[in-house]
Structure formats: structure tokens, C-alpha cells
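Before any comments, here is the structure.
Protein chains in written order, with the numbering used here: chain A, 15 to 363; chain B, 178 to 343.
If you want it as C-alpha cells, here you go:
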């Protein structure tokens, strides 16, 4: 949606500019990027700066505020008006739903954070739509691959592309890290997470403007899954290594215990921060480079700034495609490594 | 960190957890399990085929070695048979030669003996014939000599002259 808007704004002539209000200052671009990086309650493909109309469709909002309240996000009018549901008033402020009075007043504290009450928001937001889309895509693609095996041992068509990926995850990620005997149990999680992250990363590079894996709640959830799977599959040796390290003197055991417990928690933490930071940074850089087109227009002219922006954006986008795979790979790789550490047999002690 | 915490949406977290959980379960049932099973089956199949091929190759080699051995044995047997036959042939030829020589000698000796006896007989016959011829000639000569009375008297006289009365 951002791409569409920017292209529209930069190709618009002076007449357009004088009439409407395209995004053309540094502050506006910065705000736009921040807005993009956040989840949103409606799906906007592009905004006409001239008339202020948004082209897209609303998504259902589901709130828990002493009872389930559902309505379409069109009621918010993109944050411009207050939505009234069953006697309660809600308003969007920076992509989040706050409970307000009938006038929709938002009171801010010293750090510019609203002090209004936040209802629990289970809305089908843009990120949820992205996740559902990725999930459906995975189900379609891989159940087709699974069905393909009923016809013969060699899949045909697009399944031929998917099969090596599944084999890659199994042979390069799961098997070497978890071990031949136990890897099978974790394949469901590892394969799902790998393709889920990868598809969502790639979706983030499309002009649809998804930013799911660059959302901290999503990466926290993914990392927590890994964390719980690791803890629940940890064998006696694993817990012994955390709480009573074998092979070292007793004072060392006592010192090592909190370090190991901390390590238990930092592992998933590193997972969630790595994925979040990489994808967010990628989106930020790509969008900033697109923004250059407008910011450098004065110095280089329309053609010059577009050329510079195009080349740089293309370059970073190619890297981002690599990063999209790399982050999915690293997340799955480290998850299987942690699982492997939890289930390993330490026969040398 | 403050910004991050502010950005954290519990609702989205909850939705993500539900979606991910359901997705993992569905994918496991409908995709990963059949896919991994099929892959495993296929790999086992390939491994089995490879093993069978190696086994067959080994058997083939054994068979070939056997064949080679049998062939060598047959060859050796043939050689020995040939050698024997050759010896036999040579023996037979030598025997035949010796026998033939003996036979030939015998025939020659017989022929010589026959020739010798024939010669004797012929000589004896010749002698007889010569004696008969001589007597005949003598008879004829005598008859001619004594054809007249004068002659006969003359002879008697001559003979009587020769005969000395002892």
C-alpha cells in the first residue's frame, strides 16, 4: 500500500500537490513507515492523498471488554471517528483500540502513551489475515504434495519444488541437530514453523504490505512454542545440566545454576528478537529507500531520484529475499538445535 | 524496550498462538505425516533396490567366477584329451609302421623263397628238356649215319676195333 501511494505521489504533478496532500515530507514518510510497521485493523491497498479516501476493505474487530464485542473496522473510519458498540465507545489511536467516551477523547501521559483503558483485542487484523492466508497456502500446497504421493513415488508439477524444501528441512536442519532417533517427533513443528515464517517473510516483501513476522507479538509466540517444546522434551540429563551441572565442584554447581536457568530463557528470547529485528529493519530500510525518491527530488530531479531509489531498493529487496529465507532457516535451525540439546544422550559423563 | 512493550498486542499474540497451534496440528495430519512417510518409504525403496543391485552384482561376480573356473576346467580337460589323443595317434602310427614293416619283410621273404624254388624247378626243367633234346638230336644224327648198310658195317667195325678183347 505504501509503494502504491508513494508512486502515486511522486508521479503526481504540481497541480495534484496543490490540491491534495500527498506524503512528501520527511516527517510524513517517517510516520508512514511507523504506521506500516504496526498492525492495522483494516486492509488498505492504497490511499488517495488528494481526496483522503482509502482503497481497501475493512476487517472484523473482535474485542473482549466484559463480553465479546464484534463490529467491522469500517466503523472506525480509519481512526477518524468513534465506534459505538453496545453502549461502549472505542477509538483507534496509532493502530490500537482504546476505550473512550462518546467524544473519543484520548488522554496522553508524559511519554505520549494514551492512559485510556485498552480492551483485549482479538480482532482479525491485517497480520491475522496474513497468518490465515499463509496457513491456507501451506495447507493447500503441502496437502497437494501429500496427495501427489498416492499417485506415485515421484511428485509432479509444483510439488517437485516443495519436496526438496521438505527434504532440506529434514536432512539439513532436523536430523543433524536432533539426532536420527528422535527427529521425527519434532518434524511437524519444525516444518510448519519454517514454512510459516518463510511465507510470511516473503508476503512482507509484496506490495500487499504485510508485516507479520516483524511484529513482536508474533515472534514472541513463535519463540514461546520453541521454549515449551524444548522444556517438555528435556530429558533427565537436560535438567541435571541446568540445576546440578555434573562434573564440576559443588560451589561451581551453585554458581552455574542461575546462569543455566538464565540461559534457558535467553535462548527463546534471542530467537524472538532476531526474527523481529531482522524483518522490521528490512521493512524499514526498503521503505526508507523508496522514500528517498521523494526526499531527493529537489536535488536530483524526478528522474534522478526515482533512479537512485529504484536501484537501491532493488538491491536491498534482493537481499531481503535472501533474509526472508535466512531468518526462517535460522529460527528453525536454532529451534532444532535447542531441542537437540534437550533430548541429547550424554553418554560421555 | 518501552516501544516494544507498547507494540506488543496480547490479542494478536493469542490469535497467533491459536492459529499456529491449529496449523501445526492440521499440517501434521494432512501434510507432514503423509509426506514424510512417503519420503521414508521411497528412500527405503531406493535403499532396498540399491542393496538388491549390489547383491545381484556380487552374485553375478560369483557366477562369473564359477563360469571362469568351469571354463578353465573344461579347457584343461580338453587339452589333456587332445594330448592323449595325440599320443594315442602317435602310438598307433608307430605300431602300424612296425607291423607293416614286419608284414612287408615277411612277404618279401616269402617271395624270395618262392622265386628261389621256382628258379630251381625251372633250371631242373631246362636240364631235362636239354637232355631230351640232346638224345633226340643224337638219335636223329645216328639214324642218318646208319642209313646204309656200308655205314652200319663200318660202325660195327670201328666199334669192334675199339673193343679190345680183354
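Note that CB positions come from ideal geometry on N, CA and C, so glycine has one too.
DSSP bridge partner residues for residue i (one or two, in chain order)
i	result
residue 193(A)	The partner list for residue 193(A) (beta bridge, DSSP) is empty, contrary to what the question assumes.
residue 113(A)	104(A)
residue 72(A)	56(A)
residue 83(A)	77(A)
residue 134(A)	78(A)
residue 61(A)	68(A)
is_contact[residue i, chain A] using C-beta, thresh 8 Å
i	result
residue 249(B)	no
residue 231(B)	no
residue 240(B)	no
residue 226(B)	no
residue 221(B)	no
residue 205(B)	yes
residue 189(B)	yes
residue 194(B)	yes
residue 253(B)	no
Helix, strand or coil at residue i [DSSP, three-state]
i	result
residue 99(A)	strand
residue 309(B)	helix
residue 34(A)	Note that residue 34(A) scores a pLDDT of 46, beneath 50, so its modelled location is shaky and nothing firm can be said.
residue 209(B)	helix
residue 263(A)	coil
residue 221(A)	coil
residue 128(A)	strand
residue 205(A)	helix
residue 122(A)	strand
residue 226(A)	coil
residue 233(A)	helix
residue 340(B)	coil
residue 323(B)	coil
residue 333(A)	helix
residue 346(A)	helix
residue 310(A)	coil
Reference residue i; option with closest CA among the options
i	options	result
residue 356(A)	254(A), 142(A), 54(A), 144(A)	254(A)
residue 178(A)	153(A), 165(A), 287(A), 209(A)	209(A)
residue 43(A)	278(A), 308(A), 314(A)	308(A)
residue 160(A)	192(B), 182(B), 206(B)	206(B)
residue 211(B)	59(A), 156(A), 240(A)	156(A)
residue 91(A)	299(A), 286(A), 67(A)	67(A)
residue 101(A)	81(A), 120(A), 172(A)	81(A)
residue 219(B)	164(A), 143(A), 137(A)	164(A)
residue 149(A)	226(A), 51(A), 185(A)	226(A)
C-beta neighbour in chain B for residue i, strict 8 Å
i	result
residue 139(A)	yes
residue 265(A)	no
residue 163(A)	yes
residue 341(A)	no
residue 15(A)	Low local confidence applies: a pLDDT of 36 at residue 15(A) is under 50, so the model's placement there is unreliable, and no value is given.
residue 242(A)	no
residue 260(A)	no
residue 157(A)	yes
Is it a yes or a no for the stretch 69–89 of chain A touching the stretch 120–127 of chain A, going by three-plus beta-carbon pairs under 8 Å? no
Does the pairing of the stretch 342–361 of chain A with the stretch 196–206 of chain A give three or more beta-carbon distances under 8 Å? yes
The stretch 275–290 of chain A in contact with the stretch 229–245 of chain A per 3-pair CB rule at 8 Å: yes
Examine the Cβ distances between the stretch 263–277 of chain A and the stretch 319–336 of chain A and report whether three or more of them are shorter than 8 Å. no
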